[in-house]
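Residue numbers are given in my numbering: position 213 of the sequence shown equals residue 207, and the series is strictly consecutive. Quick notes on the structure that follows.
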Amino acid sequence: MTVAIEMGQTTAGASAALDLEELLATRLLVQGNSGSGKSHLLRRLLEQSAPWVQQTIIDPEGDFVSLGDHYGHLVIDAEEHTERGLQAAGERARIHRVSTVLNLEGLDAENQMRRAAAFLGGLFEVAREHWYPMLVVVDEAQLFAPAVAGEVSDEARKLSLGAMTNLMCRGRKRGLAGIIATQRLAKLAKNVAAEASNFLMGRTFLDIDMARAADLLGMERRQAEAFRDLERGHFMALGPALSRRPLGVRIGQTETSPRNGTPRLMAMPETALEDARAIILAAPPPETMRAPRRMASPELLDQLMAAKSAAMEIRPEPAEPAVSAEDRAERRERVDRVLRAILAQPDAGFRVIGVLYQEFVVRCRIEGLASVVPDLSEFRRMLTRARAGLGADMAGDDAWQDVSVRASLLPEDMQGVFMMIARAAKEGWPCPSDAAIARAYGSHSRAPTARIRCGAPGGCSPISRSRASSSASSTAPAAAR
């Protein structure tokens, strides 16, 4: 079904239509200086498309909360919720097809980026059966996908930029159509801007932004000066959902308005100087420590449930049944099997633990074990035991519990070697070779073996070169006994 929404009029006086289905597949970039009418354009697009498609708006200034009164959007105040709660809210909103406005007003730049990333992550990570078409509008996109590092932490920037990249680069197959608006193309990350196929370019004055806008629209550089002359609410349009050739468009009127309109001049109040002095220089009120109000995540989820149409019954999710001891043992065995499969790879001994853990998590999810995936610290302990050749049955033995306690006192890179040597002593095996010890260290070089000399029966001569290796030599015979 083809749905054409009217954005306004062309410079020739004809209707300027936008193909909504084509927009869902090709995304949109809006650019213009402050006061050029970007927010008005987004509001017109959202109002016209509201009856046809689910929407969510990432709103850093609280300009779009008025959509909730007229079009039923659920307004979520990000300041009142945790990142985890917002991610869950994004998932529920997608599943139940509730249009939302994420109001980030009142947060500093770093928390805006973190909470927006969490909410976008919830929209992106839902199961395939819930990949319904959805418009995701991000106003002031340069705040969430900056071209260069700013005053925020690297972690917050990576989270936000990753979420925006997922939206624009991988969102189409999941039904997410990114619509991003920015004041400065030069401040927006190129890999985010480059994924849009439709463009609406408004008034701009800087040469670098005019040149980029002209390039995106396929205009000659000498024609870029035209962007300086555009009036408020006038844009140059290009793209499969708009026009195959650059086309001037004047955006039509909207039914709703932002809470903060364009500033207007007004007469100054008449106030006596002494009265003004008394008001302005009055003693400040005493400071009171007031704890910030935080709405619990379940309360947010209740709002999402209430916003669902009454015609569709929402059934509560069934409680997860208790897991029996047999099931727990079976799951542990499957997790151990996944770990053994990873360690069986030729290069597994030389890969950093972060990469191994990432592959381990992915494989566990494929096996349906996402609910029992251990955290990174537990994975380190599992990896140490597995590299030493210890199974779950041996790990429960009293002697091996003593070995584990002693191993925990050693540096992390020596623990696996310690347990491997202890096992050789217990089983009466020859000492592990230098190559095996180097592999346990995660190194191709045999230099690390100089740190340890084994006391296992039939092995190399027992000489201890460090306190750690001394501990290993003393514990291994104890484990054998």
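Where is the CB? At the ideal position from N, CA and C, for every residue including glycine. If you're wondering where the values come from, they're calculated on a predicted model, not measured in any experiment.
request  = Check each candidate in Phe118, Ile274, Val243 and Val329 and name the one with the smallest Cα separation from Leu129.
outcome  = Against the sequence shown, residue 129 aligns to sequence position 135. For Leu129, the nearest C-alpha among the options comes from Phe118.
task = Can you give me the start and stop residues for the beta strand (DSSP E) that Phe58 sits inside?
result = In the sequence shown, counting from the first residue as 1, residue 58 sits at position 64. That residue, Phe58, is in no beta strand (DSSP E); it is neither H nor E in DSSP.
task = Measure the beta-carbon distance from Met107 to Leu153 and round it to whole angstroms, keeping in mind my assumption that it falls under 8 Å.
result = Residue 107 sits at position 113 when you count from the first residue of the sequence shown. Residue 153 sits at position 159 when you count from the first residue of the sequence shown. Indeed they touch by this definition, with Cβ atoms about 7 Å apart.
query = Exposed or buried, which one is Val492 when buried takes at least 16 other CB atoms within 10 Å?
reply = What the structure shows of the chain is the stretch from -5 to 475, and residue 492 is not part of that stretch, so it cannot be assessed.
Limits of the unbroken alpha helix (DSSP H) element including Met204 = On the sequence shown, residue 204 is found 210 positions in, with the first residue counted as 1. Element bounds for Met204: Asp201 to Leu210.
ask   = How is Thr176 classed by DSSP in three states: helix, strand or coil?
value = Mapped onto the sequence shown, residue 176 falls at position 182. In the structure shown, Thr176 sits in a strand (DSSP, three-state: E or B).
task = Sort Ile336, Leu114 and His67 by Cα distance to Glu77 and report the nearest one.
result = Residue mapping note: residue 77 aligns to position 83 of the sequence shown, counting from 1. Of the listed residues, the one whose Cα sits closest to Glu77 is Leu114.
message = If you follow the alpha helix (DSSP H) that Gly165 is in, where does it begin and where does it stop?
response = The residue you call residue 165 lines up with position 171 of the sequence shown. Counting along the chain, Gly165 falls outside any alpha helix (DSSP H), and DSSP gives it neither H nor E.
message = Using C-beta distances below 6 Å, list every residue in its chain close to Val366, excluding the 5 sequence neighbours before and after it, in chain order.
response = Translated into the one-based positions of the sequence shown, residue 366 becomes position 372. Counting only residues of its own chain and dropping the five nearest sequence neighbours on each side, Val366 has a CB closer than 6 Å to the CB of Arg325.
ask   = Ala175 and Leu18: beta carbons closer than 8 Å?
value = The sequence position of residue 175 within the sequence shown is 181, counting from 1. The sequence position of residue 18 within the sequence shown is 24, counting from 1. Not a contact, by the Cβ cut-off of 8 Å.
Extent of the continuous beta strand (DSSP E) to which Phe354 belongs = Locating residue 354 in the sequence shown gives position 360, counting from the first residue. No beta strand (DSSP E) contains Phe354, which is instead part of the alpha helix (DSSP H) from Ile347 to Ile360.
ask   = Roughly how many whole angstroms lie between the Cα atoms of Ala187 and Glu219?
value = The sequence position of residue 187 within the sequence shown is 193, counting from 1. The sequence position of residue 219 within the sequence shown is 225, counting from 1. Cα to Cα, Ala187 sits roughly 22 Å from Glu219.
task = Could you check if Ser318 is buried or exposed, using at least 16 other CB atoms within 10 Å of its CB as the buried criterion?
result = Taking the sequence shown and counting its residues from 1, the one referred to as residue 318 is at position 324. Ser318 comes out exposed.
message = With three or more C-beta pairs closer than 8 Å as the rule, is the segment 405 to 421 touching the segment 371 to 385?
response = yes
key: DSSP three-state assignment for Val120, whether helix, strand or coil   = One-based indexing of the sequence shown puts residue 120 at position 126. Three-state DSSP puts Val120 in coil, outside helix and strand.
query = Glu145 and Leu101 look like a contact to me (Cβ under 8 Å); what is the Cβ gap, rounded to whole Å?
reply = Residue mapping note: residue 145 aligns to position 151 of the sequence shown, counting from 1. Residue mapping note: residue 101 aligns to position 107 of the sequence shown, counting from 1. No, Glu145 and Leu101 are not in contact; Cβ-Cβ is about 14 Å, not under 8 Å.
key: Reference Leu241, options Ala419, Ile(-1) and Ala10, closest by Cα   = Your numbering for residue 241 matches position 247 in the sequence shown. It is Ala10 whose Cα lies nearest to the Cα of Leu241.
query = With 16 as the cutoff for other CB atoms within 10 Å, does Ile51 come out buried or exposed?
reply = Position 57 of the sequence shown holds residue 51. Buried.
ask   = Opposite Thr248 in the DSSP bridges: which residues?
value = The count along the sequence shown starts at 1 and reaches residue 248 at position 254. DSSP, once it has assigned bridges, lists no residue as partnering Thr248.
task = Would you mind giving the Cβ-Cβ distance between Gly31 and Arg258, rounded to the nearest angstrom? I have them listed as a contact below 8 Å.
result = Position 37 of the sequence shown, counted from the first residue, corresponds to residue 31. Position 264 of the sequence shown, counted from the first residue, corresponds to residue 258. That belief does not hold up - the Cβ atoms of Gly31 and Arg258 are roughly 16 Å apart, past 8 Å.
task = Between the Cα of Val346 and those of Phe373, Leu363 and Ile360, spot the shortest distance and give me the residue it belongs to.
result = Position 352 of the sequence shown, counted from the start, is the residue given in the question as residue 346. The residue with the shortest Cα to Cα distance from Val346 is Phe373.
message = Let me check understanding here. Comparing Cα to Cα, which of Ser402, Asp396 and Ala323 lies closest to Leu363?
response = Locating residue 363 in the sequence shown gives position 369, counting from the first residue. Cα-wise, what sits closest to Leu363 is Ala323.
request  = Would you kindly work out how many angstroms separate the C-alpha atoms of Phe58 and Ser28, rounded to a whole number?
outcome  = In the sequence shown, the residue the question calls residue 58 occupies position 64. In the sequence shown, the residue the question calls residue 28 occupies position 34. Rounded to the nearest angstrom, the two C-alpha atoms are 16 Å apart.
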